[in-house]
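First comes the structure, then the notes that go with it.
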Amino acid sequence: MKTFLTLYVSNLKEFSRNRFAMFWTIAFPVFFMLLFGIIFSGESDTSYKVGVAVEDEGRIGSALTQAFEEVEILKVMEGQQDDLLAKLKHGDLNAVVVVPDGVTAAVMSGKTADIRVHYDPSIQITAQILLTIVEKVLGGVEQGLSGRTALFAIQTVTITASSLRTIDFLVPGILAMALMQLGIFATAPPLVQLREQQVLRRLGATPLTRTMLLAAQVSLRITVGLVQTALIILVGAQVFQVQIVGNLLLLAGFVVLGALSFVCLGYFMSAWGKTQEGINGASQFINFPMMFLSGLFFPVDTMPKWIRPVVDAMPLTYLADALRQIMVGATPLHPLATDLLVLVAWLVICAFLAVKFFRWE
Amino acid sequence: MSAIEVQDLKKAYGATKAVDGVSFAVGQGEIFGMLGPNGAGKTTTTEILEGLRLPDSGAVWVLGMDVAREPQKIKERIGVQLQTTALYPRLTVREVLDLFAAFYRGEKHSAGELIEMLNLGEKQHTRSMDLSGGQRQRLSVALALINKPEILFLDEPTTGLDPQARRSLWAVIRAVNRGGATVFLTTHYMDEAETLCQRVAVVDRGRIIALDSPQELIRQSFQETAIEFDQKGAKAPEGTFRGLKGVTRPAVRENGHVTIYTENAALTLGGLTDLAEAGKIQFDDLHLRRATLEDVFLKLTGKRIRE
Numbered sequence: 076m077k078t079f080l081t082l083y084v085s086n087l088k089e090f091s092r093n094r095f096a097m098f099w100t101i102a103f104p105v106f107f108m109l110l111f112g113i114i115f116s117g118e119s120d121t122s123y124k125v126g127v128a129v130e131d132e133g134r135i136g137s138a139l140t141q142a143f144e145e146v147e148i149l150k151v152m153e154g155q156q157d158d159l160l161a162k163l164k165h166g167d168l169n170a171v172v173v174v175p176d177g178v179t180a181a182v183m184s185g186k187t188a189d190i191r192v193h194y195d196p197s198i199q200i201t202a203q204i205l206l207t208i209v210e211k212v213l214g215g216v217e218q219g220l221s222g223r224t225a226l227f228a229i230q231t232v233t234i235t236a237s238s239l240r241t242i243d244f245l246v247p248g249i250l251a252m253a254l255m256q257l258g259i260f261a262t263a264p265p266l267v268q269l270r271e272q273q274v275l276r277r278l279g280a281t282p283l284t285r286t287m288l289l290a291a292q293v294s295l296r297i298t299v300g301l302v303q304t305a306l307i308i309l310v311g312a313q314v315f316q317v318q319i320v321g322n323l324l325l326l327a328g329f330v331v332l333g334a335l336s337f338v339c340l341g342y343f344m345s346a347w348g349k350t351q352e353g354i355n356g357a358s359q360f361i362n363f364p365m366m367f368l369s370g371l372f373f374p375v376d377t378m379p380k381w382i383r384p385v386v387d388a389m390p391l392t393y394l395a396d397a398l399r400q401i402m403v404g405a406t407p408l409h410p411l412a413t414d415l416l417v418l419v420a421w422l423v424i425c426a427f428l429a430v431k432f433f434r435w436e
Numbered sequence: 597m598s599a600i601e602v603q604d605l606k607k608a609y610g611a612t613k614a615v616d617g618v619s620f621a622v623g624q625g626e627i628f629g630m631l632g633p634n635g636a637g638k639t640t641t642t643e644i645l646e647g648l649r650l651p652d653s654g655a656v657w658v659l660g661m662d663v664a665r666e667p668q669k670i671k672e673r674i675g676v677q678l679q680t681t682a683l684y685p686r687l688t689v690r691e692v693l694d695l696f697a698a699f700y701r702g703e704k705h706s707a708g709e710l711i712e713m714l715n716l717g718e719k720q721h722t723r724s725m726d727l728s729g730g731q732r733q734r735l736s737v738a739l740a741l742i743n744k745p746e747i748l749f750l751d752e753p754t755t756g757l758d759p760q761a762r763r764s765l766w767a768v769i770r771a772v773n774r775g776g777a778t779v780f781l782t783t784h785y786m787d788e789a790e791t792l793c794q795r796v797a798v799v800d801r802g803r804i805i806a807l808d809s810p811q812e813l814i815r816q817s818f819q820e821t822a823i824e825f826d827q828k829g830a831k832a833p834e835g836t837f838r839g840l841k842g843v844t845r846p847a848v849r850e851n852g853h854v855t856i857y858t859e860n861a862a863l864t865l866g867g868l869t870d871l872a873e874a875g876k877i878q879f880d881d882l883h884l885r886r887a888t889l890e891d892v893f894l895k896l897t898g899k900r901i902r903e
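These protein sequence lines map, in sequence, to chains L and Z.
All residue numbers for the first sequence refer to this note's numbering, where the first residue is 76 and numbers rise by one.
All residue numbers for the second sequence refer to this note's numbering, where the first residue is 597 and numbers rise by one.
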């Protein structure tokens, strides 16, 4: 036990003094989270630009303009129809509302009147908001004209999408990424370095058993995985008010399972890399596809269909899904039991490959 | 009982026979050296003795135990310094010593004792990656001594050290030996083998070509004295030195450097002076020396050890 502790502490010192490993496991996830958090925190300021061309002299035009201006998320620009439509085409405006000459007169005399709404169909939300407002305003004007209560009540149109903010979605994804990088960057390259510099061979000349050496190395990495989790949860809560809704023990269980799977993958990878340069390249080769094809930063269903089989094959997809469900109560991509099964299967496969191919020399 | 006993050891890497039928025994308390050029099979032999490699065939007993059967027990009682001195790069000298101490159960040297012994005091809080080659080598020897080993294995322990550091390391090795430890070392330095080892196995291409005390090896091969000089100007034609009085064998010429072996240095020198006076040769830096292990190696293999 004393041997184990000394070895564990020595490994901890060695690891914490390794800038490359520390960067990828500790600094990078936090940096990533801050960066993404800042980019997406500006989301609520997003506004839609609407051009209004009033050609009518009557009340409807001014009433509409006023109504639009009262909606917070709309930025209203008044102008000539032609100019505004040109701006819409260039993408400077999201929609243009045209109130043609004679609308008020037509409505007053009880005839139908056309109000045209031009919009960019890629931004459905704008169109929906505008159409709702136009209807309300016209309804109000009609009521006023017909002598009944002549007031139009404009309601603020709120968009109720998921209550999960982007940052809530991202934080578990970043934790999953951090656990993967723990296995890839903080396991394989240091091991190759130890082997390349014959540290493993030197240790082999002492009575130290390989089992003991492995146990110390793996427990160190699980410790690091739990530290990453705590750090990411802390930064998420303090900086971005991300609430952890799930059971912390269950979360720790999945973190350990995920860390183990990827650490085993790291051991397996280290068998292939002969030199440090080689293994660094190989690490990036595994890191990037995993990072971007496992739904860490954007939902899996926004990806093209043909790439789904790849996504479904990535163990990180399941780890991210499980963490997301537990941490922020996100809509499951797979049932938690499926995530668990797939991760255990990956652990078994990686452990088998690691044991089969890992080389001490 | 011998400290080490090796019988007909063989190890090949592909078509290369690294160790090709080596047998020898090392007595307890002896300083035993394996002398040979790089690639002669010294390191492979050493690593088999240390339990780091398995031989293709042959038998090895260390401290009376079969290396193939009881490697763990043996490792507990031996100390090992590898040729490539690498350690946890980001641990300090003291931390590495403490770590290695934790691997052994029996009586141990404290980190402080070893730091003192190998003169690492100033560097004890330096990370091993920041040590100079010589300092790293000393740390590596310190690690080999940590469990007060009965046999100390040193693979080219003074390679890359400056002359002063070599001498102080030799002193450490002698002190450890006086304390009762058997020392097994490999080297390609003639002077190291000659001054440090009680017996030397001269190896070349995986075989032992001579084995005895350095003095005996020299005495058996050479009754002669070597005369060495650098030739200036035109090279004397082949056979010029053969006819000189006292010369026992063909001269060895390496570029302008000539070695003549003689059983009567005075007569040969007289002959050389005559040649010079007659204007047939010009020489520089002429000196006499007794034969060394280098000459033994040259005679046995036809080449110098450090080619």
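Just so it is clear, CB atoms sit at the ideal spot from N, CA and C, and this is done for glycine as well.
First and last residue of the uninterrupted beta strand (DSSP E) at residue i
i	result
I747/Z	747 to 751
A686/Z	Per the sequence presented here, residue 686/Z reads as Arg, with Ala not at that position. Where R686/Z is concerned, there is no enclosing beta strand (DSSP E), given that its DSSP letter is neither H nor E.
A664/Z	First-last for A664/Z: undefined, no H or E at that position.
Y123/L	123 to 129
K606/Z	600 to 609
F879/Z	878 to 886
Q827/Z	821 to 828
T612/Z	612 to 622
Chain Z contact for residue i (CB, 8 Å cutoff)
i	result
L87/L	no
R92/L	yes
T78/L	yes
T81/L	yes
F427/L	no
A236/L	In this predicted model, A236/L has a pLDDT of only 38, less than 50, meaning its place in the structure is not dependable; the value taken from the coordinates is given anyway. Taking Cβ atoms only, chain Z never reaches closer than 8 Å to A236/L, which makes this a no.
R434/L	no
Residue-level contact to chain L via CB, residue i, 8 Å cutoff
i	result
F780/Z	no
T642/Z	no
L863/Z	no
L684/Z	Leu is not the amino acid found at residue 684/Z; the sequence shown has Tyr there. Yes, contact with chain L.
E672/Z	yes
L741/Z	no
E790/Z	no
Q731/Z	no
T680/Z	yes
L765/Z	no
L687/Z	yes
Q668/Z	yes
Close Cβ partners of residue i (< 6 Å) along its chain, the five nearest in sequence each way excluded
i	result
G802/Z	K613, A614, V615, D616, G637
N773/Z	I627, V779
Q624/Z	A599, T778
S817/Z	V892, K895
F107/L	I249
Sequence-distant residues of the same chain with beta carbon closer than 8 Å to residue i, five excluded per side
i	result
V692/Z	L683, Y684, S724, L735, L739
I644/Z	L605, K607, V615, L650, P651, V656, V663
V370/L	The residue you asked about is not Val; residue 370/L is Gly in the sequence shown. Excluding residues within five positions, the ones whose Cβ falls inside 8 Å are G248, M378, V386, T392, A395, D396, L408.
I805/Z	V798, V799, L896, T897
T187/L	A181
Beta-carbon contacts of residue i that lie in its chain and below 7 Å, excluding the five residues immediately before and after
i	result
L727/Z	K719, L735
D396/L	P407, L408, H409, D414
G829/Z	Q878
T140/L	V127, V129, V151, E153
Alpha helix (DSSP H) segment containing residue i, residue limits
i	result
G328/L	323 to 347
S137/L	134 to 145
V892/Z	889 to 897
G866/Z	861 to 873
A847/Z	Here A847/Z belongs to no alpha helix (DSSP H), and DSSP marks it neither H nor E.
I674/Z	Taken as a continuous stretch (DSSP letters only), I674/Z belongs to no alpha helix (DSSP H), being part of the beta strand (DSSP E) at 674 to 677.
L295/L	285 to 315
Neighbouring residues, chain B, relative to residue i (Cβ below 9 Å)
i	result
V676/Z	In summary, chain B is missing from the structure at hand, where the protein chains are L and Z.
Residue i Cβ short of 7 Å to the ligand FAD heavy atom set
i	result
R885/Z	Among the ligands in the structure shown, none appear at all, so the ligand FAD cannot be discussed.
Closer than 7 Å between beta carbons: that is the criterion. Which residues of the stretch 271 to 282 of chain L meet it against chain Z? Q272, Q273, V274, R276, R277, G279, A280, T281, P282
Going along the stretch 879 to 902 of chain Z in order, which residues come within less than 8 Å of chain L, judged by CB to CB distance? none
Next on the checklist: Can you pull out the residues from the stretch 692 to 717 of chain Z whose beta carbon lies closer than 9 Å to at least one beta carbon of chain L?
Outcome noted: Those residues of the stretch 692 to 717 of chain Z that come within reach of chain L (Cβ to Cβ, closer than 9 Å) are V692, D694, L695, F696, A697, A698, F699, Y700, R701.
*asked:* I'd like the ranges of any alpha helix (DSSP H) spanning at least 4 consecutive residues and lying wholly in the stretch 703 to 742 of chain Z.
replied: 707 to 713, 729 to 741
Exercise for the section: Note down, in chain order, all residues in the stretch 644 to 663 of chain Z with a beta-carbon under 8 Å from any beta-carbon belonging to chain L. Expected result: E646, G647, L648
In chain order, which alpha helix (DSSP H) runs of at least 4 residues are fully inside the stretch 353 to 436 of chain L?
383 to 388, 390 to 403, 411 to 432
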